[in-house]
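The numbering of the sequence shown is the working numbering, which starts it at 151 and goes up by one.
Take a look at the structure set out below.
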Amino acid sequence: MSTDRAYRPAHLGFLLLTLCLIAVNMRATITGIGPLLEQLTADTGAQLATLSALTSVPLVAWALCSPLAHTAAQRWGINRVLTVALVLLLAGTVIRSLPGQIAGLWIGTAVIGAALAAVNVLLPAVVKQSFGSRVPLVTGVYTALLAGCGAIASGLVVPISHAAGAGSTGWRVALIAVCATLPIAVILWALHHRRVGHGPITRHRAPGPSVWGDRVAWQVGAYFGVQASLFYVLLTWLAPMAISYGRGEAQSGVDTMMFQITGVISSLALPLILRGRFERWVPAVLPILGLIAVTGLILAPGGILWWGMLTGLTSGASLAMSLTLMASRARDAQTASALSGMGQSVGYAFAALPPIVFGLLHTAVGGWIVPLVFAGLLLVTQALLGLLVGRERFVLDR
């Protein structure tokens with residue numbers, strides 16, 4: 151089905167606005183945890199290493215739930231499943247900030263993770279189905295918003311928590327305040343859902359080849375997982391690293407924010423370089439800036455703000471590249487949904503481990519050099535995988 155037959159230009163504009171507003175709130179629901187870890191530790195008495203696992207909870211949920219999103223979309227329709235997922239995302243955000251036992255923080259984060267699993271998987275399929283040849287551009291735009299607003303959330307949570315009050319009140323208010331536009335995103339998507347229906351539904355499908363047995367799908371999933379690992383390592387540990395170097399709590403939040411904001415620039419720039427003969431090499435070239443930045447963090451840690459920003463350029467472009475691959479390496483929207491579900495499941499299953507390993511290495515050696523070498527190895531692995539996924543191969547082609 152072509153885009154022109156599916157939606158009128160005016161509704162395509164409305165859909166793009168809706169997708170952008172959804173993207174605004176996706177990372178904002180999770181990126182505030184890192185800068186607030188010191189407050190959470192002081193308020194709950196839990197160890198920093200224990201609370202840092204909060205950032206891995208969504209990754210585990212994404213690994214477990216991502217394949218289910220594609221299956222659910224086939225049975226009930228992409229639009230219906232996305233509506234339910236967005237409502238759950240809103241509910242999890244509220245649960246996480248409710249006063250009371252600290253268990254609500256963990257439960258709410260788990261609900262957020264499960265909801266985001268479906269949103270992460272199905273958005274590339276929506277873009278593939280609705281925007282046709284504009285996939286790289288639309289993907290770049292919503293990835294930039296996703297990264298940018300996550301960055302803003304990282305920078306605002308600490309000042310908001312200080313303004314809201316001491317103790318648990320501050321961080322609870324801060325975590326929900328940075329997602330203030332989420333109800334609007336839910337309403338706009340519900341209006342789109344009501345207008346266009348549930349989406350294609352497959353009640354009975356003849357057995358066929360699965361993306362789980364496809365080599366290209368595994369390469370895309372591995373690339374996604376390695377690039378996500380670096381992002382969540384720095385999202386979790388950049389602020390504690392900055393504090394250990396003598397920067398204040400608010401400054402460390404700004405460091406984390408700037409790391410993500412530079413990702414916005416590279417996300418928007420990616421479609422401009424995905425052209426001509428160089429397109430083949432882009433996935434392998436992207437980690438180079440990250441390797442330079444990690445080397446800088448080891449040799450000149452005083453420039454953590456600038457090295458973090460340089461790493462952000464790699465991270466933002468790599469995420470946009472991964473999402474683009476999930477659409478461009480599929481022949482149709484259904485295959486894109488299956489590839490996205492499989493790739494994100496595999497990717498996030500892997501990405502949940504490196505932030506924990508990074509923290510364990512830091513605890514074991516009492517410094518940052520060994521953990522940063524580990525981060526450098528992740529970037530080298532991404533470059534090698536980039537050589538494979540850059541080839542023009544398609545999932546389920548025989």
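Heads up, the beta-carbon is just placed ideally off N, CA and C, and yes, glycines get one too.
If you ignore the 5 residues before and after ARG430, its C-beta comes within less than 8 Å of the C-beta of GLY540, ARG541 and GLU542, all in its own chain and listed in chain order. Taking C-beta atoms under 8 Å as the contact rule, ALA419 and TYR292 fail to qualify, at a distance of about 15 Å.
Secondary structure within the segment 503 to 534: the alpha helix (DSSP H) runs of 4 or more consecutive residues, fully enclosed, are 503 to 515 (chain order). Here ILE262 is buried: its Cβ has 16 or more other Cβ atoms, across all protein chains shown, within 10 Å. The Cβ atoms of PHE281 and GLY375 do not sit closer than 7 Å to each other. Between the C-alpha atoms of CYS215 and ALA264 there is a straight-line separation of about 6 Å. The C-beta distance from VAL328 to LEU306 rounds to 6 Å, short enough to meet the 8 Å contact threshold.
With contact defined as three or more Cβ pairs closer than 8 Å, the segment 408 to 415 and the segment 484 to 496 are not in contact. One thing to note: GLY290 has its Cβ no nearer than 7 Å to the Cβ of ARG177. For GLY446, the enclosing alpha helix (DSSP H) has its first and last residue at 437 to 449. Taking the Cα of ASN175 as reference, the smallest distance to any Cα among ALA303, VAL210 and LEU201 is reached at ALA303. Pairing ALA324 with SER311 gives a Cβ-Cβ distance under 7 Å. Selection SER318, VAL496 and VAL277 evaluated against ASP482 yields VAL277 as nearest (Cα-Cα).
C-alpha of TRP212 to C-alpha of SER495: approximately 6 Å in a straight line. Linking GLY526 to ARG427 through their CA atoms gives a straight-line distance of about 27 Å. When DSSP assignments are scanned along the segment 261 to 291, no uninterrupted stretch of beta strand (DSSP E) that is 3 or more residues long falls wholly within it. CA-to-CA, the gap between ALA470 and SER417 works out to about 6 Å. Around LEU209, the same chain offers TYR382, TYR498, ALA501 and ALA502 as residues with beta carbons nearer than 7 Å, after the five sequence neighbours per side are excluded. Between THR259 and LEU204, the beta carbon gap of about 6 Å places them in contact (Cβ cut-off 8 Å). For a cut-off of 8 Å, the C-beta gap from LEU186 to VAL308 is around 7 Å, short enough to register as a contact. Distances from the alpha-carbon of PRO249 to those of LEU546, GLY363 and ILE326 put ILE326 closest. DSSP places PHE544 outside both helix and strand once states are collapsed to three, so it counts as coil.
Judged by DSSP in its simplified three-state form, GLY398 adopts coil rather than helix or strand.
A straight line joining the alpha-carbon of LEU475 with that of GLY347 spans about 27 Å. GLY452 and MET391 have their C-alpha atoms roughly 11 Å apart.
SER360 sits exposed, since fewer than 16 C-beta atoms from the chains shown fall within 10 Å of its C-beta. Cβ atoms of SER202 and ARG322 stay farther apart than 8 Å, at about 19 Å. Taking 8 Å as the upper bound for CB-CB distance, LEU332 and VAL444 are not in contact here, some 34 Å apart.
For the 7 Å CB-CB criterion, HIS342 and THR168 form a contact.
Classified as buried, ILE228 has 16 or more neighbouring CB atoms from the shown chains inside 10 Å of its CB. Under a 10 Å Cβ-count criterion, PHE544 is classified as exposed, with fewer than 16 other Cβ atoms of the shown protein chains found around its own Cβ. The criterion of a C-beta distance shorter than 7 Å is not satisfied by ALA275 and SER465. PRO504 and GLN251 have their C-alpha atoms roughly 29 Å apart.
If the five residues before and after GLN197 are omitted, its C-beta is found closer than 8 Å to the C-beta atoms of THR191, all from its own chain and listed in chain order. By the criterion of a C-beta distance shorter than 7 Å, LEU287 is surrounded in its chain by PRO421, once the five residues flanking it on both sides are discounted.
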